[in-house]
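In the numbering used here, the protein residues as written are 8 to 167. Below: one structure, written as structure tokens.
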Amino acid sequence: MIRNYKASDLQTLRQITAICFEKVSIDKNIEDRFGRIGDMNWAERKMSHIDDDAAANPDGVFVAEVGGEIAGYITTRLNRSNQIGGIPNLAVLPQFQRRGIGRQLIEKALAYLQAEGMLYARIETLEQNPVGTSFYPAMGFTEIARQIHYIQPLSKLNSR
Ligand SMILES: CC(C)(COP(=O)(O)OP(=O)(O)OC[C@H]1O[C@@H](n2cnc3c(N)ncnc32)[C@H](O)[C@@H]1OP(=O)(O)O)[C@@H](O)C(=O)NCCC(=O)NCCS
């Protein structure tokens with residue numbers, strides 16, 4: 008069952024995020040390369056993105072339940088000026104994956120974005136994520152660009 012998000016779901020969505028994004032997040036890549044930064048580990052940084060999504064557009068967050076348990080979620084953003092909506096985050100717990108829940112969440116998000124007047128929907132993924140090559144094209148998305156993410160520690164700035 009796919010249902011609307013409620014504020015009391017947030018902690019569970021944060022936990023699902025920490026479990027699901029370990030192999031497929033820029034935040035984890037950064038920690039693997041440079042270690043923990045400041046007071047936040049990679050999971051806390053990634054979970055904060057879900058806080059942002061829920062705060063920005065709670066009506067566009069949808070939750071998948073199986074037997075009363077939250078199995079996954081999807082978040083969306085609306086841009087009423089350019090009419091291009093976005094799907095910033097999507098996750099399904101490993102034990103519920105490959106049962107079509109991700110597909111249902113995307114279908115729900117696309118229907119919501121269309122109903123809200125968006126003309127196009129955008130989604131991003133990392134090259135290291137196996138779902139990018141098959142799942143998103145199968146859901147109707149067309150690849151339009153590849154991006155490279157860089158980072159450097161600022162502590163070495165003065166010793167150059
Ligand atoms: C992406 C994700 C939400 C898909 O959820 P799901 O419920 O397993 O999705 P579905 O069962 O609807 O599967 C849809 C398709 O995705 C693809 N897919 C799913 N998991 C995959 C994997 N591990 N490797 C390759 N393809 C995969 C398959 O094409 C699959 O269709 P199929 O089962 O008919 O072959 C889930 O794998 C996940 O949470 N991954 C970690 C977080 C993540 O990558 N989020 C998206 C960031 S861009």
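Positions of the beta carbon are idealized from the N, C-alpha and C atoms, including for glycine. The structure displayed is predicted, hence computed values, not measured ones.
Anticipated Cβ contact below 8 angstroms, residue i with residue j, distance rounded
| i | j | result |
| --- | --- | --- |
| Arg10 | Val70 | 6 angstroms |
| Thr82 | Ile57 | 7 angstroms |
| Asp60 | Pro95 | 6 angstroms |
| Phe103 | Val73 | 6 angstroms |
Residue i: CB within 7 angstroms of a non-hydrogen atom of ligand 1
| i | result |
| --- | --- |
| Leu17 | no |
| Gln104 | yes |
| Ser141 | yes |
| Thr3 | Look at the range of the chain in this structure, 8 to 167, and you will see that residue 3 is not part of it. |
| Val99 | yes |
| Gly92 | no |
| Ile9 | no |
| Ile108 | yes |
| Gly79 | yes |
| Pro137 | yes |
| Val70 | no |
| Ala145 | yes |
| Phe148 | no |
| Phe41 | no |
| Val31 | yes |
CB of residue i within 8 angstroms of CB of residue j, strictly
| i | j | result |
| --- | --- | --- |
| Asp39 | Arg52 | no |
| Val68 | Tyr157 | no |
| Arg84 | Asn64 | yes |
| Ile77 | Ile155 | no |
| Leu97 | Ile108 | no |
| Tyr4 | Thr132 | Since the first and last residues shown for the chain are 8 and 167, residue 4 lies out of range. |
| Ala25 | Met47 | no |
| Ile151 | Met125 | no |
| Met146 | Arg105 | no |
CB contact below 8 angstroms: residue i versus chain B
| i | result |
| --- | --- |
| Thr83 | Any reference to chain B falls outside this structure, which holds one protein chain only. |
Heavy atom of ligand 2 within 7 angstroms of residue i beta-carbon
| i | result |
| --- | --- |
| Ser55 | As far as ligands go, the structure on display features ligand 1 and does not contain ligand 2. |
What are the complete alpha helix (DSSP H) segments, minimum 4 residues, inside the region 86-151?
Listed in chain order, the complete alpha helix (DSSP H) runs (minimum 4 residues) inside the region 86-151 are 108-122, 138-145.
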